[in-house]
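Each residue of the sequence shown is one higher than the one before, counting from -5 in the numbering used here. Note that CB positions come from ideal geometry on N, CA and C, so glycine has one too.
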Amino acid sequence: MQSRRKRIYSLVVLIGLALCSSAYAQDDYVDLEFYRDHTYFEAKKGALGSFLQDNWRSFTSSMNQSFVSDNISSDLFWNTLRRSVTEGTFPNRIAEYEVAGSQTGSDIFLSTLYTAIKQVPVTYRSVSPRGDTITLSGKIFLPINKQAKHIIIANHYTICSNKEAPSNASSIEGIFATKGHIVLMPDYIGYGVSDTLTHPYLHLKSTVSSAIDLLEAALPYLQANSYTYYPSLILVGYSQGGAATLALQRELEKNYADIYPIYEVFAGAGPYDLAGTFDYYISHKTATIPCALPMLVLGLNYGENLGLNVEDFFQPTLMMKYPGLIESKMRYMNDVNAELGYEMDSLLKPVIFKTNVYPTSVLYKATKKNSVLHWTPRASLYLFHSTTDDMVPFLNSDHLSKEFRKRELDNVEYDFDDYGPHMNGAVTFFEKVYKRL
């Protein structure tokens, strides 16, 4: 009875805080470049923002912390996400950061839970695939306790709308901050403040650079705000973020091992064998995620400076639609896919199905370059993939695990099972990672 009362009390408090947060506005971007040369910080908190934070602290301090974590974060959060998959609102409406006044039901709960942590949209400097200095954005999710655990670099999954970019959204990966970790999430080139640029989709070098540059820019900010943390990183990513995470691990272990040691890595359902994934998609007449191949053509053409003409790949209908559907960054993936249609022949010209014929041969070579199969991870690595994944075929993890098993690695854990379609697998993956942290 007492436990039930606590659960009811917790729900009342959460909903109350959510309703209060309808007037709470997200902070403006913080330019991290300022903190490279300065060592002080003037907090930018609205009165209501402070009110919400203070009330959350009072609420959590009056209850057993394990109760809050086990019963609120685990039970309600993950069950809410599972319902959102069934309702077709994940990741679009769930991930989007909206004030509670425009939300109802499960969205109120999710937005309320994120008042337990501080979300700081940030900008920093990086380099474009052309070698130009550019400004990128991302978000830092901060725990209440400034004596944090690890810094987590979380790479996000494929998105189409700029509203889903971490700097604009309460990304699912931010929930790890409720476990006492600092979470850094880059938007990637082409999202956030750089949304006028083409997103170099699945181009690993630029994706990795955006993450490392965010880490290096964030450290002075964390120091200025008196955060302490363990001297090793945790890397997390699912889908596109899974491939980005392994590429980041490979780069950090190769060139930054003494500076940024890695504690452990969690990668789920990534296109690690990008060439194999390309082969898989062009061998099917229908696509479960039709936006992926146009995004790949555009992204690798920009990321690798291939100099290809997209008219050689895109059917006239796609040529008319892709600027508004893909390059505008204004439409959610489900909407983009529905408008594109799922028949490959109506989207792409026959040449794309011939990997040994120019210009597809050039693109295909780039997919091989942006695979992450042939390397040896050093840090503890957890690999997750649903064997019935409908978007990122299981062949990716199958091929990667075969490569790793050839090396007889004892630091890799494989979690391959029938966890359902891609989005169902996403919720299972993040829940498993959350419970391990």
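With a CB to CB cut of under 7 Å and the five nearest residues on each side skipped, what residues in its chain are close to residue i?
i	result
F398	V406
Y29	P214, Y215, A218
F272	Y358, T361
T354	V345, I346, K348
N139	G174
C285	C154, I320, M327, V330, N331, L334
S200	P123, I183, P194, G297
Q141	T222
I256	S226, L227, L229, Q243, L246, E247, A373
Taking a contact to mean a Cβ-Cβ separation below 8 Å, would you say residue i touches residue j in this structure?
i	j	result
V330	F307	no
Y296	G262	no
M324	S155	yes
S122	D207	no
I147	L198	no
V79	V386	no
G293	N390	no
S395	Y408	yes
S340	T311	yes
G419	D383	yes
E337	T280	yes
Y254	L302	no
K143	Q113	no
V116	Y250	no
For the beta strand (DSSP E) that contains residue i, what are its first and last residues?
i	result
T117	112 to 121
A148	145 to 149
G459	With the chain covering only -5 through 431, there is no way to say anything about residue 459.
Y408	406 to 411
L403	L403 -> no beta strand (DSSP E), and no H or E assigned at all.
L191	Segment: none, L191 is in no beta strand (DSSP E) and carries neither H nor E.
L178	176 to 180
What does a CB cutoff of less than 8 Å around residue i pick up in its chain, not counting 5 residues either side in sequence?
i	result
Q234	N149, H150, Y151, T152, Y195, L196, G264, P265
P371	L240, Q243, R244, E247, V259, F398, L403, N405, V406
I128	R119, S120, V121, S122, I183, S188, L191
D411	S380, T381
R434	An answer regarding residue 434 cannot be provided, because it is not within the stretch -5 to 431 covered by the chain.
K343	D306, F307, F308, Q309
Y275	A281, A286, L287, M338
F388	H379, S380, T381, T382, F410
Just to check my reading of the structure: residue i and residue j have Cβ atoms closer than 8 Å, yes? What is that Cβ distance to the nearest angstrom?
i	j	result
D181	A159	4 Å
F170	Y428	7 Å
S365	L268	5 Å
E27	A211	7 Å
G186	S131	3 Å
L136	I111	6 Å
By Cβ distance, which residues of its chain are closer than 6 Å to residue i, with the 5 residues on each side in sequence left out?
i	result
K173	L431
V356	L300
I145	I176, Y223, L227
F423	Y232, G262, F378
A238	N149, T201, G231
D25	T117
Which residues mark the beginning and the end of the alpha helix (DSSP H) in which residue i is found?
i	result
P214	198 to 218
L26	Run containing L26: none; DSSP gives neither H nor E here.
S78	72 to 81
T422	416 to 430
Give the list of continuous beta strand (DSSP E) stretches no shorter than 3 residues that lie fully inside the segment 298 to 385.
Fully enclosed beta strand (DSSP E) runs of 3 or longer: 374 to 380.
At what residue ranges does the segment 231 to 279 contain a whole run of the alpha helix (DSSP H), taking only runs of 4 or more?
234 to 249, 268 to 276
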